[in-house]
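Inspection log for the structure reproduced underneath, given as structure tokens.
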Amino acid sequence: MQRKQTIMVIDDDDIHLYTTRELLCSDRIEVITHQGSFGATNRLKDVRPDLLLLDVNMPALSGANLADIIKPICGEMHTPILFYSSNDEETLQELVAARGAQGYICKGDITALRAKVNEYLASS
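Position in the sequence shown counted from 1, then plus 9, gives you this note's numbering.
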């Protein structure tokens, strides 16, 4: 039997956390959520996800700044970071290039969410 793959979602909006978990949970995918930036580093180390979805627009410590902090940890664990945001694609592409994330997914595009998650999990 194949192990469940784990996705961690960090977002300040509990509705987005709930919706994303419901959309992605399956018998082969476990979704762990964390609300906000604070404490995310320790939770990331505990969970050791196969994929990280990171909201960009969070108060106090943005997802882009959090990415700078957790990138070394994710690198050690071979965990791709995908920005998950309602920002426009051009802004997200610039953030990916500037912050060294592996990609992005626009919130609200359920088809792209599932496709990109499956693509990254298949390669892990």
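Don't be surprised by glycine CBs; every beta carbon is placed ideally from N, CA and C. The model shown is predicted, which means the values in this text are computed figures rather than measured ones.
Is the CB-CB distance between residue i and residue j below 8 Å?
i, j, result
"Asp21", "Met86", "no"
"Arg123", "Ala73", "no"
"Asp77", "Leu130", "no"
"Leu63", "Ile41", "no"
"Val105", "Ile16", "no"
Between which two residues does the beta strand (DSSP E) containing residue i stretch?
i, result
"Val40", "38-44"
"Cys115", "112-115"
"Thr15", "14-20"
"Leu60", "60-63"
"Leu91", "90-94"
If you compare alpha carbons, which of the options is closest to residue i?
i, options, result
"Asp97", "Ala124, Pro89, Gly109, Val65", "Val65"
"Pro81", "Ala106, Val126, Ala110", "Ala110"
"Ala49", "Thr100, Cys83, Gly112", "Cys83"
"Arg12", "Asp36, His25, Tyr27", "Asp36"
"Leu53", "Ser133, Ile24, Thr88, Ile38", "Thr88"
"Leu26", "Glu99, Glu128, Lys116, Ile79", "Lys116"
"Ile114", "Cys34, Ser95, Ser132", "Ser95"
Go to residue i, then tell me how far its alpha helix (DSSP H) extends in each direction, as first and last residue.
i, result
"Val105", "98-108"
"Leu53", "49-56"
"Leu26", "23-33"
"Leu130", "119-131"
"Ala76", "72-86"
Just to confirm my understanding: we take residue i, look at its own chain, exclude 5 residues before and 5 after, and list those with CB closer than 6 Å. What are they?
i, result
"Ser46", "Met67, Leu70, Leu75"
So, at 8 Å on beta carbons, what are the nonlocal neighbours of residue i in its own chain, with the 5 sequence-adjacent residues on each side left out?
i, result
"Thr169", "With the chain running from 10 to 133 in the structure shown, residue 169 is simply not present."
Leaving out the 5 sequence neighbours to the left and right, which residues in its chain are closer than 7 Å to residue i when beta-carbon positions are compared?
i, result
"Val56", "Thr15, Met17, Ile41"
"Ile119", "Leu32"
"Asp23", "Gln44"
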